[in-house]
Amino acid sequence: MDAALFLAALTLSLSTIAWGGEPAQRNVILSTTTSTQDTGLLDILVPLFEKQTGYSVKTVSVGTGQALALAAKGDADVALVHAPSLEKEYVAYGKLLNRRLVMYNDFVIVGPKEDPARVKSTSKTIDALKLIEKANARFVSRGDNSGTHILEKTLWKQAGIEPKGVWYIESGQGMGATLGIANERNAYALADRATYLAFSKRLALAVLLEGDKPLLNIYSVMEVNPTNGPRINAAGGKAFADFMVAPATQAVIKTFGLEKYGRSLFVPVAGMKEEELGE
Amino acid sequence: MAEALLSLSDIVVRHGDSTVLHLSRLEIRRGDILALIGPNGAGKSTLLRVMGLLQQPTEGKVFFQDEEASRENALRMRRRMASVFQEPLLLNASVYENAALGLKLRGFNRAEIRRRITPWLERLSIAHLSTRRVRTLSGGELQRTSLARALALDPDLLLLDEPFSALDPTTRESLLGDLQDILKQTGVTTVFVTHDRHEAFMLGSRVGVMREGKLLQVGPGLEVFTRPADESVAEIVGADTRIPAVTEISNDGVTKFRFDGGVAEATGAFPSGARVILCIRPEEIILSPPRDRERPNHFAAKVLKVIPSTLHYRLTLQCGGSRLSALVTRSSFMDLGIKEGDELTASFEAAAVHVIGKE
Amino acid sequence: MALIWDGIVTAFSLVFGGNAEVWSITWLSLKVSGLATMISLVVGIPLGILLAMTRFPGRPFAVALVNTGMGLPPVVVGLFVSIFLWRSGPLGFLDLIYTQSAIVIAQVVIAFPIVAGLTLTSFQTLNPNLGLQLLGIGASKPQLLWLLCKEARLPLLAAVMAGFGGVISEVGASMMVGGNIRGQTRVLTTATVLEAGKGNFDIAIALGLILLALSFAVNFLLTHIQQREQIRWPKPS
Chain A
1 MDAALFLAAL TLSLSTIAWG GEPAQRNVIL STTTSTQDTG LLDILVPLFE KQTGYSVKTV
61 SVGTGQALAL AAKGDADVAL VHAPSLEKEY VAYGKLLNRR LVMYNDFVIV GPKEDPARVK
121 STSKTIDALK LIEKANARFV SRGDNSGTHI LEKTLWKQAG IEPKGVWYIE SGQGMGATLG
181 IANERNAYAL ADRATYLAFS KRLALAVLLE GDKPLLNIYS VMEVNPTNGP RINAAGGKAF
241 ADFMVAPATQ AVIKTFGLEK YGRSLFVPVA GMKEEELGE
Chain B
1 MAEALLSLSD IVVRHGDSTV LHLSRLEIRR GDILALIGPN GAGKSTLLRV MGLLQQPTEG
61 KVFFQDEEAS RENALRMRRR MASVFQEPLL LNASVYENAA LGLKLRGFNR AEIRRRITPW
121 LERLSIAHLS TRRVRTLSGG ELQRTSLARA LALDPDLLLL DEPFSALDPT TRESLLGDLQ
181 DILKQTGVTT VFVTHDRHEA FMLGSRVGVM REGKLLQVGP GLEVFTRPAD ESVAEIVGAD
241 TRIPAVTEIS NDGVTKFRFD GGVAEATGAF PSGARVILCI RPEEIILSPP RDRERPNHFA
301 AKVLKVIPST LHYRLTLQCG GSRLSALVTR SSFMDLGIKE GDELTASFEA AAVHVIGKE
Chain C
1 MALIWDGIVT AFSLVFGGNA EVWSITWLSL KVSGLATMIS LVVGIPLGIL LAMTRFPGRP
61 FAVALVNTGM GLPPVVVGLF VSIFLWRSGP LGFLDLIYTQ SAIVIAQVVI AFPIVAGLTL
121 TSFQTLNPNL GLQLLGIGAS KPQLLWLLCK EARLPLLAAV MAGFGGVISE VGASMMVGGN
181 IRGQTRVLTT ATVLEAGKGN FDIAIALGLI LLALSFAVNF LLTHIQQREQ IRWPKPS
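Chains as they are written, first to last, in the numbering used here: chain A, 1 to 279; chain B, 1 to 359; chain C, 1 to 237.
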């Protein structure tokens with residue numbers, strides 16, 4: 001009796017598991033970053049794409065490094081990330097093709113309202129960082145080689161500072177968690193606006209510096225080179241990339257976040273050149 | 001005419017580098033009750049497992065009902081046998097379910113099982129425990145269940161490995177009595193292992209003596225016990241007085257032997273000058289007050305050690321340079337007022353002396 | 001503390017309010033881990049019995065392997081299974097990466113050593129002569145195994161519970177081989193990490209509580225079966 005029940009249950013569950021046997025060319029693997037996923041934009045765009053084209057998208061959100069590495073190995077069909085310097089390297093090596101700008105959001109420097117390092121006194125990011133270091137004010141970094149972290153490192157380098165010491169905290173985690181730590185420690189941090197807005201209710205941190213050109217977080221979509229590995233869905237990847245820069249999609253991007261946060265999270269920039277961005 | 005139910009030929013069982021069992025030939029006839037005795041490590045249990053087709057010998061063949069046992073027919077043959085071990089080894093279930101297990105494994109239906117089991121439960125006095133879970137039973141009741149399980153199978157061969165060793169004496173006696181009756185009534189061919197030689201003598205029609213993997217002697221109980229084939233067997237069967245001697249003269253069916261303590265007489269003819277061992281069972285040595293030393297087979301003996309037991313006393317006596325082992329009843333002991341250090345007369349019949357040629 | 005209360009309230013509203021996504025995530029977790037556990041039983045129990053009842057050269061090594069396998073970190077398993085299942089890997093042609101089957105495969109790797117190891121010890125609690133005695137009253141090999149499993153059912157059921165517990169609660173392997181894809185491979189554990197990472201702590205706690213409740217329900221059922229046959233210890237008089 002028990003044996004019969006057991007077998008029945010086994011058969012039932014076997015029949016409901018979605019086996020990987022769907023026609024592979026219907027699947028498009030999109031590699032992107034956790035921060036992109038966390039903004040919630042893809043939750044709107046991906047179903048839209050699937051409805052329009054009939055493809056089934058598998059969105060793999062990992063760290064920037066892993067996202068690009070997966071694409072380079074051919075374990076993704078299209079990549080959507082926001083680390084221009086790294087992206088350019090991959091394009092130069094021929095691993096990723098047809099890099100096209102999609103949108104940008106911006107980073108902000110946030111910190112305690114009291115602003116002990118007097119970041120508010122400047123509108124230049126590099127100067128703000130110098131002030132923070134001089135004041136030995138606590139600063140929480142992503143420390144995880146994500147797009148945000150790479151940008152942060154570039155800025156420190158431009159400021160001529162090698163951030164080291166008790167005041168410099170490397171969280172090794174995502175943006176949300178990093179902001180949480182900054183909140184607890186009354187520290188400064190570099191955050192993308194979208195994540196800051198999403199968490200702002202829980203944080204006692206305020207935006208102390210924004211709008212400076214180096215703080216632009218530029219998202220690009222790239223297609224994976226079909227020679228990177230076997231079974232790459234080049235057609236699907238291209239379809240998604242085309243979708244991201246299509247006017248209709250760009251319109252959706254433009255208004256995303258308006259309702260929830262009172263302002264859009266992204267600025268759609270398909271077709272523009274990098275040098276043109278920012279004021 | 002009883003034919004061989006089971007026969008073993010050139011059996012060798014090796015365990016790593018050591019030979020655990022080496023047996024050239026053994027036959028079990030229908031209706032036989034063979035008791036195997038011997039010290040620990042003698043290979044008795046191994047032999048029983050080989051007979052029961054529970055262990056494959058390293059070399060050799062087993063024939064059951066004239067058919068050679070092989071991998072293909074082993075299960076079928078095993079199902080004509082039943083084994084009972086020292087521990088009851090029952091499953092966590094009721095007495096009835098355990099007793100019925102063997103029949104259930106062979107595919108009998110519930111009605112048929114009930115028909116076969118019930119008389120055995122009654123026969124072994126456990127019918128009133130039928131629905132009790134075995135965890136709540138005493139050792140004796142557990143072993144009765146194990147026996148019922150085996151007997152209900154109506155086996156051609158019943159194999160028992162020290163079935164009563166782990167029980168207290170009263171229970172053991174009770175079960176022994178029941179088993180004796182059952183074996184007599186059913187006539188089932190039985191081989192059983194025991195380290196109690198009295199049990200062996202009582203139950204077995206034949207007794208086999210084993211030591212270090214070899215079967216030293218097998219035959220009717222009385223023969224093995226009173227006429228052990230060699231010193232090892234003598235020790236195992238309890239012929240405790242073993243005296244080295246030299247044959248002197250043989251005359252008229254009686255031979256004189258010189259030992260360190262005097263001259264003993266035994267029946268039989270033996271070549272003079274031969275070195276022998278004289279074996280006498282302790283029950284055969286008679287003790288009497290210190291006189292009458294001149295008669296044949298009467299010797300001066302000094303009591304060295306007294307070991308009391310329930311109904312008798314075991315005495316070790318010094319006779320010249322030799323040791324005698326005697327068993328006296330409590331009443332004799334009291335009558336003679338024996339104490340350690342006493343000088344007595346020890347005597348025995350010539351016919352009670354068994355002569356073993358010394359190797 | 002208010003956070004936990006928020007979480008409890010959210011949990012109730014999600015579950016009983018019939019939130020479709022939460023229900024489908026829960027059902028997916030149950031399906032995937034349930035199937036993985038069952039496969040692990042089919043593979044692990046015979047392996048455990050084999051190790052318990054036979055002697056062969058290299059057995060100590062095999063037992064040590066199984067015991068090591070019991071403590072495998074799920075994320076490491078996930079990483080290694082990914083390497084095999086990625087398109088760039090040797091089994092890439094199966095197109096299993098980022099599917100439910102991939103999670104099942106990884107969870108089987110996690111659970112079957114647990115089941116095998118605990119089956120091994122559960123059989124070692126049996127009297128070593130029991131097998132011989134059962135053969136001695138005419139059991140065939142299959143009958144013998146069945147009877148021994150029944151005799152050892154208490155610790156065996158514990159093995160089942162341990163196997164299930166190990167996989168329903170893991171996140172590392174599910175994340176790596178499943179990709180936490182909404183509607184496809186998002187299970188309770190990966191969804192919890194996602195929501196916590198987004199800062200939606202109330203939903204994260206809710207999902208965590210649902211997971212705990214699910215785990216408890218399954219274990220309650222199995223424990224009930226296991227303890228049904230237990231002896232009632234007599235009250236001291």
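Backbone N, C-alpha and C fix where the C-beta goes; we use that ideal spot for every residue, glycine too. On a predicted model such as this, the values are computed, not experimentally measured, just so you know.
Per-residue burial, Lys58(A) [other beta carbons within 10 Å of its own, 16 or more giving buried]: For this step, residue 58(A) is matched to residue 58 along the first sequence. By the neighbour-count rule (16 or more Cβ atoms within 10 Å), Lys58(A) is buried.
Identify every residue that forms a DSSP beta bridge with Gln173(A). To locate residue 173(A), count along the first sequence from 1; it is residue 173. The partner list for Gln173(A) (beta bridge, DSSP) is empty, contrary to what the question assumes.
- Tyr93(A), DSSP secondary structure in three states: Here residue 93(A) is taken as the residue at index 93 of the first sequence, counted from 1. Tyr93(A): coil per DSSP, three-state reduction.
| Counting only beta-carbon atoms, is Ile181(C) nearer than 7 Å to chain A? | Stepping through the third sequence from its first residue, residue 181(C) is reached at position 181. Yes, Ile181(C) lies at the interface with chain A (some Cβ there is under 7 Å from its Cβ).
Practice problem: Please classify Thr68(C): does DSSP put it in a helix, a strand, or coil? | Solution: Start at 1 with the first residue of the third sequence, and residue 68(C) comes out as number 68. Residue state, collapsed to three classes: helix.
### Query
Can you list the beta strand (DSSP E) stretches of 3 or more residues lying completely in the region 30 to 63 of chain A, in chain order?
56 to 62
Original post:
Quick one, are the C-beta atoms of Ala346(B) and Ile285(B) less than 7 Å apart?
Top reply: To locate residue 346(B), count along the second sequence from 1; it is residue 346. To locate residue 285(B), count along the second sequence from 1; it is residue 285. Their beta carbons are under 7 Å apart, which means Ala346(B) touches Ile285(B) by this criterion.
My assumption, with CB atoms under 8 Å, is that Pro57(C) sits in contact with Gly172(C). Please give the rounded CB distance. Taking the third sequence and counting its residues from 1, one reaches residue 57(C) at position 57. Taking the third sequence and counting its residues from 1, one reaches residue 172(C) at position 172. Incorrect: roughly 35 Å between the Cβ atoms, too far for contact.
Helix, strand or coil: which one does DSSP assign to Met272(A)? Here residue 272(A) is taken as the residue at index 272 of the first sequence, counted from 1. In the structure shown, Met272(A) sits in coil (DSSP, three-state: anything other than H, G, I, E or B).
Discussion item. Quick check on Ser121(A): buried or exposed, where buried means 16 or more other Cβ atoms within 10 Å of its Cβ?
Written reply: Taking the first sequence and counting its residues from 1, one reaches residue 121(A) at position 121. Classification for Ser121(A): exposed.
Please classify Arg291(B): does DSSP put it in a helix, a strand, or coil? Walking along the second sequence from the start, residue 291(B) turns up at place 291. DSSP places Arg291(B) in coil when its eight states are reduced to three.
*Cβ-based burial, Ser31(A) [other Cβ within 10 Å; buried from 16]*: To locate residue 31(A), count along the first sequence from 1; it is residue 31. It counts as buried.
- Kindly say whether Gly229(A), judged by its beta-carbon, lies nearer than 7 Å to any beta-carbon of chain C. To locate residue 229(A), count along the first sequence from 1; it is residue 229. So, interface residue.
query: In the DSSP assignment, what residue or residues form a beta bridge with Gly111(A)?
result: Translated into the one-based positions of the first sequence, residue 111(A) becomes position 111. BP columns for Gly111(A) point to Ala206(A).
Are any of the Cβ atoms in chain A nearer than 7 Å to that of Gly197(C)? Your numbering for residue 197(C) matches position 197 in the third sequence. Yes, its Cβ sits closer than 7 Å to a Cβ of chain A.
Over the uninterrupted alpha helix (DSSP H) stretch that includes Pro74(C), give me the two end residues. Within the third sequence, numbered from 1, the residue matching residue 74(C) stands at position 74. Its alpha helix (DSSP H) spans residues 74 to 85.
| query | In chain B, what lies closer than 9 Å to Leu147(C) by C-beta? | reply | Within the third sequence, residue 147(C) is the residue found at index 147, counting from 1. The answer, in chain order, is Leu91, Leu101, Leu105.
- [ ] Could you name the residues of chain A that Ala86(C) contacts, counting a contact when the two beta carbons are closer than 9 Å?
- [x] Start at 1 with the first residue of the third sequence, and residue 86(C) comes out as number 86. It should be pointed out that residue 86(C) corresponds to Trp in this sequence rather than to Ala. Chain A residues near Trp86(C): Leu70, Lys73, Gly74, Asp75, Gly229.
Check: Taking Cβ positions, are Val187(C) and Ala36(C) nearer each other than 7 Å?
Finding: On the third sequence, position 187 is the one that residue 187(C) refers to. On the third sequence, position 36 is the one that residue 36(C) refers to. No, the pair does not count as a contact, with Cβ atoms beyond the cut-off.
Are there three or more Cβ pairs, one per stretch, closer than 8 Å when the region 178 to 186 of chain B is compared with the region 98 to 114 of chain B? no
*Of the residues Ala116(C), Ala106(C), Ala2(C), which one's Cα is nearest the Cα of Pro78(C)?*
Within the third sequence, numbered from 1, the residue matching residue 78(C) stands at position 78. In the sequence as displayed, the identity of residue 78(C) is Gly instead of Pro. It is Ala106(C) whose Cα lies nearest to the Cα of Gly78(C).
Please identify, using Cβ separations under 9 Å, the residues of the region 127 to 143 of chain C that lie next to chain B, in order along the chain.
Asn127, Asn129, Leu130, Leu132, Gln133, Leu134, Leu135, Gly136, Ile137, Gly138, Ala139, Ser140, Lys141, Gln143
Check: Cβ atoms of Ser88(C) and Gly229(A): under 7 Å apart, would you say?
Finding: For the purposes of this step, residue 229(A) is taken as the residue at position 229 of the first sequence. For the purposes of this step, residue 88(C) is taken as the residue at position 88 of the third sequence. Contact: yes.
Give me whichever residues DSSP pairs with Phe220(C) in a beta bridge.
Position 220 of the third sequence holds residue 220(C). Per DSSP, none; premise fails for Phe220(C).
Looking at the C-beta of Ser171(A), does it have a partner C-beta in chain C at a distance below 7 Å? Position 171 of the first sequence holds residue 171(A). Output row for Ser171(A): interface = no.
- Task: Indicate whether Pro88(B) and Leu48(B) have their beta-carbon atoms separated by less than 7 Å.
- Result: Along the second sequence, read from residue 1 onward, the residue named residue 88(B) stands at position 88. Along the second sequence, read from residue 1 onward, the residue named residue 48(B) stands at position 48. It is not a contact, given that the beta carbons lie outside the stated cut-off.
Neighbouring residues, chain A, relative to Gly172(C) (Cβ below 7 Å):
What you label residue 172(C) is simply residue 172 of the third sequence in a count that begins at 1. None at all; the shortest Cβ gap to chain A is about 13 Å.
Note to self: If contacts are defined as beta-carbon pairs under 8 Å, then Val115(C) and Ala159(C) qualify, I think. What distance do you get, rounded to the angstrom?
What the structure shows: By 1-based counting over the third sequence, the position of residue 115(C) is 115. By 1-based counting over the third sequence, the position of residue 159(C) is 159. Going by Cβ atoms, the distance from Val115(C) to Ala159(C) rounds to 5 Å, so yes, they are a contact pair.
**Asked** In chain order, what residues of the region 14 to 33 of chain C put their CB closer than 9 Å to some CB of chain B?
**Response** none
### Task
Please confirm if Phe85(B) has its CB atom under 7 Å from at least one CB of chain C.
For this step, residue 85(B) is matched to residue 85 along the second sequence. With 7 Å as the cut-off, Phe85(B) counts as an interface residue toward chain C.
Listed from N- to C-terminal order along the chain, which residues in the region 105 to 125 of chain A have their beta-carbon within a distance smaller than 9 Å of any beta-carbon of chain C?
-> none
Query raised in the report: When the distance is taken between beta carbons, is Ile232(A) closer than 7 Å to Met103(A)?
Result: For the purposes of this step, residue 103(A) is identified with residue 103 of the first sequence, where counting begins at 1. For the purposes of this step, residue 232(A) is identified with residue 232 of the first sequence, where counting begins at 1. It is not a contact, given that the beta carbons lie outside the stated cut-off.
- Task: Let me know if Val119(A) comes out buried or exposed under the rule of 16 or more other beta-carbons within 10 Å of its beta-carbon.
- Result: As a position in the first sequence, residue 119(A) is number 119, starting the count at 1. With 16 or more other Cβ atoms within 10 Å, it is buried.
Query raised in the report: Where in the region 167 to 193 of chain B do unbroken runs of the beta strand (DSSP E), each at least 3 residues long, occur, reported from the N-terminal end onward?
Result: 189 to 193
Inset, instruction - Out of Ile28(B), Ser9(B), Pro119(B), point me to the one whose CA is closest to Glu68(B)'s CA. - result: Stepping through the second sequence from its first residue, residue 68(B) is reached at position 68. Out of Ile28(B), Ser9(B), Pro119(B), Ser9(B) has the C-alpha closest to the C-alpha of Glu68(B).
Practice problem: Taking only beta carbons into account, state which residues of the region 87 to 100 of chain C come closer than 9 Å to chain A, listed in chain order. | Solution: Arg87, Ser88, Gly89, Gly92, Phe93, Leu94, Asp95, Leu96, Ile97, Tyr98, Thr99, Gln100
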